[in-house]
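Count along the sequence shown starting at 1, add 167, and that's the number in the working numbering.
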Amino acid sequence: MDLDGGCGTLPHTPVVGRYVARFVPRKEDGALVEFSELAKQSKGRKALAYLKADVDNLGLILTSGLRVTERDRRSISRITALSRTLELFFGGYVERLASKFGNVYTVYSGGDDLLLVGPWDAIIDFALRLREDFEQYTCRNPSWSMSAGIALVHENTPVLTAVEEADARLEGAKDTPGESTVPWPWPPQKNAESPRPSKNRLVALGTSLPWPQAKEAVSKGKRLLSWLEHEDEETKLSTAQVRRLFFYAGLYQRWQRSGDVMNFRYAPLLAYDIRRNWSKAPPEALDWVRPLAMPDSPDMPLLRFISEYALNGARQEGGEQ
168 MDLDGGCGTL PHTPVVGRYV ARFVPRKEDG ALVEFSELAK QSKGRKALAY LKADVDNLGL
228 ILTSGLRVTE RDRRSISRIT ALSRTLELFF GGYVERLASK FGNVYTVYSG GDDLLLVGPW
288 DAIIDFALRL REDFEQYTCR NPSWSMSAGI ALVHENTPVL TAVEEADARL EGAKDTPGES
348 TVPWPWPPQK NAESPRPSKN RLVALGTSLP WPQAKEAVSK GKRLLSWLEH EDEETKLSTA
408 QVRRLFFYAG LYQRWQRSGD VMNFRYAPLL AYDIRRNWSK APPEALDWVR PLAMPDSPDM
468 PLLRFISEYA LNGARQEGGE Q
């Protein structure tokens with residue numbers, strides 16, 4: 168089958184119909200949009216993102232999900248129906264969703280996994296929408312979940328290299344122990360009492376986040392970006408302020424990894440920075456940034472993602488804002 172849906176088969180040849188996700192962005196004249204042009208559609212930083220995602224624990228679901236205590240309900244027909252239901256989502260619905268976004272390349276999508284390429288900000292939004300729709304598709308059954316990894320790369324990065332980066336992040340999403348937001352890469356846990364991997368999360372922008380926290384981080388990243396783009400020159404944030412937030416987030420993540428209290432110096436440094444450099448910031452920005460200096464701030468684990476998202480969105484072609 169070609170990209171336009173033609174089968175090219177001979178008359179009277181048996182053909183089995185199936186959904187195939189094959190959407191690719193096109194220009195007005197029908198030509199394919201090149202990666203360099205696709206990257207230019209990104210907000211701020213002209214970069215591509217590769218999204219790799221798949222269903223968690225599918226093997227366990229297929230082998231044990233149809234069992235009940237009284238009898239084994241597994242059968243070829245039930246397993247086939249389950250497989251076709253997944254194919255309907257990844258082969259059919261993903262095609263429809265990609266066409267709605269309009270700027271997402273479908274490398275492949277079928278079975279229980281996918282690989283997509285697009286502008287970095289569009290791919291992050293796509294990942295959140297995909298997970299929300301999959302949750303609805305499975306009737307919010309807690310046994311069904313999805314993990315994903317997103318790699319941001321230059322438009323000229325070889326595809327195989329970019330796919331390897333996305334795959335590493337997907338594996339990181341599946342291997343992250345516990346339910347917390349942590350840095351990525353996360354050091355291997357050698358303690359037998361360490362929490363088991365929770366899966367059901369996203370790894371992107373140096374952070375491994377459960378999906379609810381990922382949605383929150385994207386929302387706050389967009390809000391921080393809006394303060395960088397504030398129309399009032401007197402109150403808008405500077406990229407230097409956000410870069411310092413990124414630095415403090417790095418110290419916090421090093422503390423998360425090692426437990427070294429020397430990295431906890433981010434708290435007094437941040438508190439001093441806020442008092443010295445944030446007095447003219449928009450009131451809502453001050454309300455958000457002040458609690459970050461508290462040791463129990465729920466936004467500190469998200470700050471690497473939030474600040475990097477805003478910095479990427481503020482970067483202009485050929486340099487920074």
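Note that CB positions come from ideal geometry on N, CA and C, so glycine has one too.
Item, Value
"LYS341, DSSP secondary structure in three states", "helix"
"Delimiting residues of the beta strand (DSSP E) encompassing THR273", "272-277"
"GLY388 vs TYR260 beta-carbon contact at 8 Å", "no"
"CB of SER314 within 8 Å of CB of LEU337, strictly", "yes"
"Separation of TRP455 from THR402, as counted between CA atoms", "15 Å"
"Buried versus exposed, by CB contacts within 10 Å (16 or more), ILE243", "exposed"
"GLY485 - DSSP class collapsed to helix/strand/coil", "In this prediction, GLY485 has a pLDDT of 46, which is less than 50 and means its spatial position is unreliable; nothing more can be read from the coordinates."
"SER276, buried or exposed, once every other Cβ within 10 Å from all chains shown has been counted against 16", "buried"
"Buried/exposed call for ALA214, threshold 16 Cβ in 10 Å", "buried"
"ARG212 classed as buried or exposed, judged by whether at least 16 other C-beta atoms fall within 10 angstroms", "buried"
"Residues that DSSP places opposite SER314 in a beta bridge", "ASP221"
"Residue closest to PRO344, alpha-carbon to alpha-carbon, out of ALA335, ALA333, GLN356", "GLN356"
"Best match in PRO379, GLU400, ILE317, LEU327 for proximity to ALA371 [C-alpha to C-alpha]", "ILE317"
"Inter-residue CB distance, ALA350 and GLN423 (contact presumed, cutoff 8 Å)", "The identity of residue 350 in the sequence shown is Pro, whereas the question assumes Ala. At roughly 6 Å, the Cβ-Cβ gap stays under 8 Å, so PRO350 and GLN423 are in contact."
"Cutoff 6 Å; reference PRO362; Cβ partners in own chain excluding five residues on either side", "PRO344, GLY345"
"Where the alpha helix (DSSP H) containing SER393 begins and where it ends", "378-395"
"Burial state of SER446, where buried means 16 or more other Cβ atoms lie within 10 Å", "exposed"
"Sequence-distant residues of the same chain with beta carbon closer than 7 Å to GLY258, five excluded per side", "ARG185, TYR186, VAL187, ALA188, SER276, GLY277"
"Alpha-carbon spacing of TYR217 relative to SER209, whole angstroms", "13 Å"
"Check whether LEU404 and ALA438 have beta carbons under 8 Å apart", "no"
"Of the residues ALA481, VAL330, PRO192, GLU299, the one placed nearest HIS397, counting alpha carbons only", "ALA481"
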